[in-house]
Amino acid sequence: MVDGDTLFVGSMGGRVVRLELSARQEDKRVPSKSDGEWVWAPEVEQAGSIFSCAQGGQFGAGVLYGAPVVGNDTVYIGAYSGKVYAIDAEHGDDVWEEPFETGGSIVGGVAVADGTLFVGSSDGKLHAVDVSTGRAKRGFEPYATGDEIVSTPVVQDGVVYFGSLDQKLYAIYADTGKLKWDEPFKTGGGVASKPLIVGEVVYFGSFDSKLYAVYADTGEPKWEQPFEAGNWFWAEALYHDGIIYACSLDHNVYAIDADSGELASGWSTNPFPTEDQIRSSPVIVGDVLVVASEDGKVYGIDLETGEERWQRDLESSILAPLCTAAGKVYLHARHDNTVYAFDGEGGQDWSVSLTDIK
Amino acid sequence: MPKARTIILLLLVVLIMLLVSGVVGMTEIVAAFNLLLLRPILNFLVLLSGYLFGSFGLAIVVLTVIIRVLTWPLTTRQLHSAKAMQAIQPKIAELRKKYAKDKQRLGEETMKLYKEEGVSPLGCVFPMLGQLPIWIGLYQAVIQGLGIAPENLLGLSKQLYSWAPIQEQVPLNSHFLWLDLGSGDIFMGILVAASMWTLQKMSTQPSADPTQQSMGRAMLWIMPLMFGFFALTFPSGLSLYWVLTNLISIVIQYRVSGWGTLRVPSLSSLRQGRILQPANTPQSGDIGAPQLEGAEADSVVSGRKGAVGAGEGSPRKKDRNGKHRDKRKVRRRGR
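Here the protein sequences come in this chain order: A and B.
FYI, the numbering used here numbers position 293 of the first sequence as 293, with every residue one higher than the one before it.
The number in the numbering used here is simply the position in the second sequence, starting from 1, with 358 added.
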C-alpha cells in the first residue's frame with residue numbers, strides 16, 4: 001500500500017514495515033534506519049513454529065495475507081490469526097488497546113469507510129469495527145454467510161460488496177448490515193476475488209471459472225452470459241478505458257469488453273499467456289499492464305496491442321497484489337521476502353529484503 | 359503373481375535408469391505422480407463427497423474402504439509371505455550356524471532353502487511396494503483437499519478437473535461428526551496411536567536376537583506415539599484415514615495370523631485371573647487362533663480359541679508322552 005511517499009507492506013513473518021520511498025538508496029539491498037529508509041517495523045504477529053500453525057488447522061499457513069490499508073494516519077491490517085491491528089502510521093505504535101478479534105482466520109484485506117472497518121473472516125462473517133475504539137460497531141450485527149470469507153470487501157455509497165466461498169456475492173448496507181439486494185448473487189463456485197466497481201456495475205470472478213458483471217443497485221446480471229475462462233478467478237480484475245483486465249488461474253490474462261462481456265478485439269493475442277497461475281492483482285503503469293505470475297515472472301503488456309513489452313524473472317513466487325504510485329510498480333515476492341520496485345519499462349529500481357530489517 | 363513381480367521390478371529398473379541418465383528429473387516424476395494418482399484419487403474423492411451429502415469425511419471413509427478392499431489380495435499375500443519367512447527362521451538360523459565361516463555356501467544354501475520351501479525373500483516387499491503409491495496418493499489427496507490455508511485452496515485449483523459436478527463441491531465441507539477435518543484432534547490422536555499400537559503388536563514377530571528384541575519393543579511404542587503426535591497436529595481428515603486403514607489392517611492381520619503377540623484375555627482366563635499367552639506364529643492352518651509362545655506352545659493342548667497358558671497351579675498334567683494336558687479334559691474323558 002503506497003500512501004504519498006511511504007510504502008506500507010506486511011510480511012509473512014508477521015511484520016508491518018514502513019518504507020520511505022524518497023530515502024531509498026538504490027544500491028543498498030539492506031535498508032538503513034539511520035538513513036531514514038525505514039521508519040518502523042513492529043512485529044504484530046508471531047510467525048510461530050510449524051506445530052503452532054498446525055494446531056489451528058492452518059497447516060503451512062502464513063501470517064499476513066491481506067494488504068494493509070491506510071486512513072486517518074493509521075495503518076489497518078488483518079492477520080491470519082483472525083486479529084485486526086491498527087498501527088499509528090507515524091510511529092508504529094498500537095492505536096487500539098487490543099486488536100479486534102474475529103472468530104476465524106483473515107485472508108483478504110480490510111476496507112475502511114466513514115469511521116468503520118469491514119473485514120471478512122473464515123468464521124463466515126463480515127465484521128464491522130469502530131476504528132476509533134477497535135471494538136465491534138454498535139448496531140451492526142456481523143453478517144453471516146454460508147461459508148468462509150476470503151475476499152476483500154469494497155465499500156461504495158454506503159454499501160459493502162464482498163464474496164464468500166458459499167458461492168455468492170453480497171451487497172449489504174454499511175450502517176445496518178442488512179442485505180441491499182433481494183438476495184445475494186449466486187454463482188457456480190466460491191467467490192474469493194475482490195469485487196471491482198466501475199460506475200454502477202460490480203465485476204468479480206468465481207471458482208466456477210466465470211467472470212460476472214452485476215448491477216450494484218439491483219444485483220441483476222449485466223451481461224447475457226458471464227465470461228468463462230479455463231480455471232478459477234482469484235485476483236481482483238482491473239478496469240481501463242472500457243476494458244476489464246482479468247487474470248485467471250489458467251495462466252492467462254484476459255482483456256474483456258466491459259459492456260458485452262466478450263473478448264476485446266484490440267489485442268493481437270487475447271488472452272495473453274503466462275507460464276504459471278496468476279494470483280496477484282495486476283496494475284497499470286502508463287500504457288503498460290503489469291502482471292506477475294506465481295513462478296516469479298513479471299510481464300509488462302502493452303495495453304493497446306496486448307504484446308509483451310518486457311519480462312523479468314524474480315525467481316521467487318509472487319502471490320500478493322501489486323501496487324503502483326508515481327509511475328512505479330511495487331511487489332512483494334514471497335520466498336525471498338523481498339519488496340521490488342520497477343519502473344513502467346521493467347527497469348528494476350531497487351529491492352529490499354524484509355528479513356534483513358531488524 | 360511372478361509376472362506382476364517381474365513387471366514391478368522392470369518398472370523400478372527403468373525408473374532408476376531414467377533418473378540416473380537425466381532423461382527425466384524429479385519434476386517429471388512428481389508431475390507423472392500427480393497426473394496418474396493424485397488427481398484421479400482427489401477428484402474421485404471430491405466427486406464422491408457430492409453424492410455423500412457433501413460430506414468429505416464420508417468420502418474419505420468410503421474411498422479408504424474401497425482402496426483397502428481392492429488391495430486386500432496384495433496385503434494378504436504380503437502377510438502370508440511374512441508368515442512363511444518367519445516359519446523358516448529356525449532353519450535359516452541353523453544354516454547360519456553351520457556355515458558361519460563360509461558366506462558363499464551360506465548364500466547358496468539359504469537360496470536353496472527358499473526354493474524348497476517355496477518362499478521368496480522379496481515376497482513380502484513387492485505387494486507392499488504395489489500399494490505404496492496408492493497410499494501416498496490418498497494421503498496427498500486428503501492433505502490437498504482439506505488444506506484450509508489459502509495456499510492449499512489455490513493448490514486445489516491445479517488438481518481438480520474442470521467438470522462442474524467436481525468444481526461445485528469447492529470449498530469442501532470439512533466438518534464430519536465432531537471433527538473439523540482440517541484441524542488436529544486429540545481424540546483422533548489417541549485413536550491413531552491405539553490402533554497403530556494394536557496393529558504393531560499383532561504383526562511384530564518375536565526374535566531370538568536380544569538386540570532385535572529390544573529394538574522391536576522400542577518401535578512398538580515409538581511409532582504409535584509418533585503418529586499419535588502427528589495426528590494432533592495434522593488435519594484430522596488424515597487421522598481418519600489412518601485410523602480406518604489401521605482398523606482394516608487389523609482385520610486382515612487377524613485373518614492371516616491371528617492376534618500374534620497381542621495378549622487377548624479369554625473368558626476362561628479372565629475367570630481364573632489369567633491372560634492368554636499367544637505364540638509367535640501359528641503352527642498349523644488354525645488361522646486366527648491365539649496360541650502359546652515358545653516352549654509352552656509345544657506343551658499345551660490348545661482349544662480353537664482361548665487356550666489357557668501354562669503355569670504353576672494350572673489345572674494340567676502330563677500325558678504319557680510327557681506332554682501337558684488340561685485336567686478338565688482328562689476328567690471329561692475319564693467319565
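C-beta atoms are modelled at their ideal positions from N, C-alpha and C, and glycine is treated no differently.
Because the structure is a prediction, the values reported are computed rather than measured.
In the displayed model, A/K186 falls within a strand according to three-state DSSP.
Going by C-alpha positions, A/F185 is about 11 angstroms away from A/F162. The C-beta of B/A499 comes no closer than 8 angstroms to any C-beta of chain A. Contact of A/V107 with chain B is assigned, a C-beta pair being separated by under 8 angstroms.
Around the beta carbon of A/E236, 16 or more other beta carbons lie within 10 angstroms, which makes this residue buried. According to the DSSP assignment, B/E474 belongs to the alpha helix (DSSP H) that extends over 461-475.
For B/V528, the residues of chain A that pass the 7 angstroms Cβ criterion are G189, G190, F207, in the order they occur in the chain. Judged by DSSP secondary structure, B/F414 falls within the alpha helix (DSSP H) whose first and last residues are 414-428. CA-to-CA, the gap between A/H240 and B/I424 works out to about 53 angstroms.
Chain B places a beta carbon closer than 8 angstroms to that of A/N231, counting this residue as a contact.
Between A/T274 and A/H251, the alpha-carbon positions lie close to 5 angstroms from each other. Using a Cβ-Cβ cut-off of 9 angstroms, A/W181 is close to nothing in chain B; its nearest Cβ partner there is about 22 angstroms away.
Contact between the stretch 520-534 of chain B and the stretch 176-190 of chain A is present: 3 or more CB-CB pairs across the two stretches fall below 8 angstroms.
Look at A/E148: its C-beta is under 8 angstroms from a C-beta on chain B.
Within 10 angstroms of the beta-carbon of A/K178 lie fewer than 16 other beta-carbons, which makes it exposed.
Think of a sphere of 7 angstroms around the beta carbon of A/L126: no beta carbon from chain B falls inside it, the nearest being about 17 angstroms out. For A/E262, the closest of A/I243, A/I278, A/S248, A/D276 by C-alpha to C-alpha distance is A/I243. The beta carbon of B/G586 lies closer than 7 angstroms to those of G547, I548, V550, A551 in the same chain, with the five residues before and after it left out. When Cβ-Cβ separations below 8 angstroms define contact, A/L322 makes no contact with chain B. Residue state for A/G78 is assigned as strand, using DSSP reduced to three classes. Annotation for A/I106: no beta strand (DSSP E) segment contains it, and DSSP assigns it neither H nor E.
Under the three-pair Cβ rule at 8 angstroms, the stretch 258-272 of chain A counts as touching the stretch 306-314 of chain A. The beta carbon of A/E43 sits closer than 7 angstroms to the beta carbons of G14, R15 from its chain, once the five residues preceding and following it are set aside; these are given in chain order.
A distance of 8 angstroms or more separates the beta carbons of B/L557 and B/S615. Minimum Cα-Cα distance from B/V601 among the listed residues B/A389, B/L403, B/G415 corresponds to B/G415. Against chain A, the beta carbon of B/A522 has neighbours under 8 angstroms at G188, D208, listed in chain order. Distances from the alpha-carbon of B/L471 to those of B/W493, B/I446, B/I494 put B/I446 closest. Listed by position along chain B, the residues whose Cβ is nearer than 7 angstroms to that of A/Y65 are P508. The beta carbon of B/N604 sits closer than 6 angstroms to those of S553, M554, L557, all from its chain and outside the five residues before and after it, given in chain order. Scanning chain A for C-beta atoms nearer than 9 angstroms to the C-beta of B/Q525 yields G188, G189, F207, D208, S209, W232, reported in chain order.
Take A/T176, set aside five residues on each side of it, and the residues of its chain with a beta-carbon closer than 8 angstroms to its own are G139, F140, in chain order. About 14 angstroms separates the Cβ atoms of A/G146 and A/S121, ruling out a contact at the 8 angstroms cut-off. A/R312 sits in a strand when the DSSP states are folded into three classes. The Cβ atoms of A/T152 and A/K194 sit closer than 8 angstroms to each other. Counting the other Cβ atoms within 10 Å of the Cβ of A/R279 gives 16 or more, which makes it buried. Counting C-beta atoms within 10 angstroms of its own C-beta, A/E148 has 16 or more neighbours from the protein chains shown and is therefore classed as buried.
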